[in-house]
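S.K.:
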Ligand SMILES: [Zn+2]
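Residue numbers (the numbering used here): 709 to 1116.
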């Protein structure tokens, strides 16, 4: 059990935890008691104070939840908890695929359940305190049940097939797994709005009227084929406003939260959508998708190189090698690489945000987008003064001030 992999899978999560605490510490040092000069004209003293309090409450919760999760992982590894679950799964079935599914089912369900108190606290204490939460306890519970249902419907065939490929095809299994995951994600991308969203929200086409006309006008002007504009009842869970695109090709649709028209003028909404159309026109959506397919392939390939080495399962205290224990250990060993890839991904994403903003500058009114971004940042209590190192690690979007600067 105490091989070098055993020590690596203890050191890696601890290091990640410490790095995160250090980045948060840097972020906290950006706080000030008075409104920073750069934010004058964007928010007032009181609003600025509120963003800091909100940030502080969120960071405190994330500290407790990540400390707790780190402790659970370390105890599971040191005390041999994963191999205990492995033994339990083996006592329930003789079928190798079924054993893996039972194993992942138990681990997945348990890790969701032990985190419910944190998400409860987030929703019904923090979000409520700042006037964001509109979710009832009933919705909170049914949301969880529905997400377990989806995990079962999706997890059994996908994980089951991947495990089956492994036992059937040997070292080449990663290619089949890659093809399966790629096809599956294309399918989800296309039918997300029809299959997943209706389980959680009601959506209806945006009513005829001036907002619809303005959006269609702009789409027509920028040669963007758009038939589907929907409104979703986001107000069922939160007062925070949002809008997104989903699908691609003829299936693409714009979805506006019903909270958005309460916060922004019609022209500001068009500006936000113009930014999204910019992402499409500059092919960011396509490239992001291709990039993530390549990364999935890389990860599966690396996994296929080590999956059969007995050291992985041994580090978890198991006697023989097993696919699912190997996958858990690999997941931890892979996380430093995944962090590096995430850095690259965020860097590209921030560049893409500027490019989409530039599209608005060239095709619409940048000052209107600037107004919309300011309003949304203040309304959602976003941290408007993050530390550059924190941004480098975590932000997929540039901070507000940088975007405003470039929009001018
Ligand atoms: Zn964007």
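C-beta: ideal position from N, C-alpha, C; glycine also.
Helix, strand or coil: how does DSSP classify residue 757 here?
M.R.: Start at 1 with the first residue of the chain shown, and residue 757 comes out as number 49. Looking at residue 757 - three-state DSSP - the assignment turns out to be helix.
S.K.: Taking 8 Å as the cut-off, is the C-beta of residue 1064 nearer than that to any heavy atom in ligand 1?
M.R.: Translated into the one-based positions of the chain shown, residue 1064 becomes position 356. Yes.
S.K.: Output the boundary residues of the alpha helix (DSSP H) element that contains residue 897.
M.R.: Here residue 897 is taken as the residue at index 189 of the chain shown, counted from 1. 881–903 is the extent of the alpha helix (DSSP H) around residue 897.
S.K.: Taking Cβ positions, are residue 838 and residue 944 nearer each other than 9 Å?
M.R.: The count along the chain shown starts at 1 and reaches residue 838 at position 130. The count along the chain shown starts at 1 and reaches residue 944 at position 236. No, Cβ-Cβ distance for residue 838 and residue 944 is not below 9 Å.
S.K.: Residue 1109 and residue 746 look like a contact to me (Cβ under 8 Å); what is the Cβ gap, rounded to whole Å?
M.R.: For the purposes of this step, residue 1109 is taken as residue 401 along the chain shown, with counting starting at 1. For the purposes of this step, residue 746 is taken as residue 38 along the chain shown, with counting starting at 1. Contact flag correct, Cβ pair sits at about 6 Å.
S.K.: Is the beta carbon of residue 786 less than 9 Å from the beta carbon of residue 718?
M.R.: As a working mapping, residue 786 is identified with position 78 in the chain shown. As a working mapping, residue 718 is identified with position 10 in the chain shown. Yes, the pair counts as a contact, with Cβ atoms nearer than the cut-off.
S.K.: State yes or no: is the C-beta of residue 1060 nearer than 8 Å to some heavy atom of ligand 1?
M.R.: Taking the first residue of the chain shown as position 1, residue 1060 is located at position 352. Checking the Cβ of residue 1060 against ligand 1 gives yes.
S.K.: Kindly list the residues whose CB is nearer than 7 Å to the CB of residue 1089, restricted to its own chain and excluding five residues on each side of it in sequence; keep chain order.
M.R.: Reading the chain shown from its first residue, position 381 is the one you call residue 1089. Closer than 7 Å at the Cβ level, and outside the excluded window around residue 1089, lie 758, 759, 762 and 838.
S.K.: Can you tell me whether residue 831 is buried or exposed, with buried defined as 16 or more other CB within 10 angstroms of its CB?
M.R.: Along the chain shown, one-based indexing puts residue 831 at 123. By the 10 Å Cβ count, residue 831 comes out buried.
S.K.: Just how far apart, CA to CA, sit residue 842 and residue 952?
M.R.: As a working note, residue 842 is residue 134 in the chain shown. As a working note, residue 952 is residue 244 in the chain shown. The alpha-carbon atoms of residue 842 and residue 952 are separated by roughly 20 Å.
S.K.: In three-state terms, what does DSSP make of residue 946?
M.R.: The residue given as residue 946 occupies position 238 in the chain shown. Three-state result, residue 946: strand.
S.K.: I need the DSSP call for residue 1058, collapsed to helix, strand or coil.
M.R.: Against the chain shown, residue 1058 aligns to sequence position 350. Residue state, collapsed to three classes: helix.
S.K.: Is the stretch 803–814 touching the stretch 1026–1039 in the sense that three or more CB pairs, one from each, lie closer than 8 Å?
M.R.: They touch, by the three-pair rule.
S.K.: Could you pull out every residue in the same chain whose Cβ sits closer than 6 Å to the Cβ of residue 1060, ignoring the five residues on either side in sequence?
M.R.: Position 352 of the chain shown, counting from 1, holds the residue named residue 1060. Result list for residue 1060: 992, in chain order.
S.K.: Rounded to whole angstroms, what's the CA-CA distance from residue 941 to residue 929? Just pull it up for me.
M.R.: Taking the first residue of the chain shown as position 1, residue 941 is located at position 233. Taking the first residue of the chain shown as position 1, residue 929 is located at position 221. Looking at the two C-alpha atoms, the distance is approximately 29 Å.
S.K.: Report yes or no: do three or more beta-carbon pairs, one from the stretch 893–904 and one from the stretch 954–966, lie closer than 8 Å?
M.R.: Output reads yes: the stretch 954–966 touches the stretch 893–904.
S.K.: For the beta strand (DSSP E) containing residue 964, name the first residue and the last one.
M.R.: Position 256 of the chain shown, counting from 1, holds the residue named residue 964. Segment 961–965, the beta strand (DSSP E) holding residue 964.
S.K.: Which partner residues does residue 912 have in the DSSP bridge list?
M.R.: As a first step, residue 912 must be located in the chain shown, where it is residue number 204. Answer is 939.
S.K.: Let me know if residue 783 comes out buried or exposed under the rule of 16 or more other beta-carbons within 10 Å of its beta-carbon.
M.R.: Your numbering for residue 783 matches position 75 in the chain shown. Under this definition residue 783 is an exposed residue.
S.K.: Give me the Cα-Cα distance between residue 698 and residue 874, rounded to the nearest whole angstrom.
M.R.: Outside the displayed range of the chain (709 to 1116) lies residue 698, so it cannot be described from this structure.
S.K.: List the residues that DSSP assigns as beta-bridge partners of residue 951.
M.R.: Mapped onto the chain shown, residue 951 falls at position 243. Partner(s): 964.
S.K.: Compare the beta carbon distance of residue 1087 and residue 948 with 9 Å and say whether it is the shorter of the two.
M.R.: The sequence position of residue 1087 within the chain shown is 379, counting from 1. The sequence position of residue 948 within the chain shown is 240, counting from 1. In this structure, residue 948 lies closer than 9 Å to residue 1087 by Cβ.
S.K.: Quick check: the stretch 963–981 against the stretch 1013–1027, are at least 3 beta-carbon pairs closer than 8 Å?
M.R.: Taking 8 Å as the limit for Cβ pairs, the verdict is that the stretch 963–981 does not touch the stretch 1013–1027.
S.K.: DSSP on residue 841, reduced to helix/strand/coil?
M.R.: On the chain shown, position 133 is the one that residue 841 refers to. Strand, per DSSP.
S.K.: May I ask you to check if the CB of residue 984 is nearer than 8 Å to at least one heavy atom of ligand 1?
M.R.: Within the chain shown, residue 984 is the residue found at index 276, counting from 1. True, at least one ligand heavy atom lies under 8 Å from that Cβ.
S.K.: Quick one, which of 742, 938 and 766 has its alpha-carbon nearest residue 755's?
M.R.: Here residue 755 corresponds to residue number 47 of the chain shown, with the count starting at 1. Measuring from the Cα of residue 755, the nearest candidate turns out to be 742.
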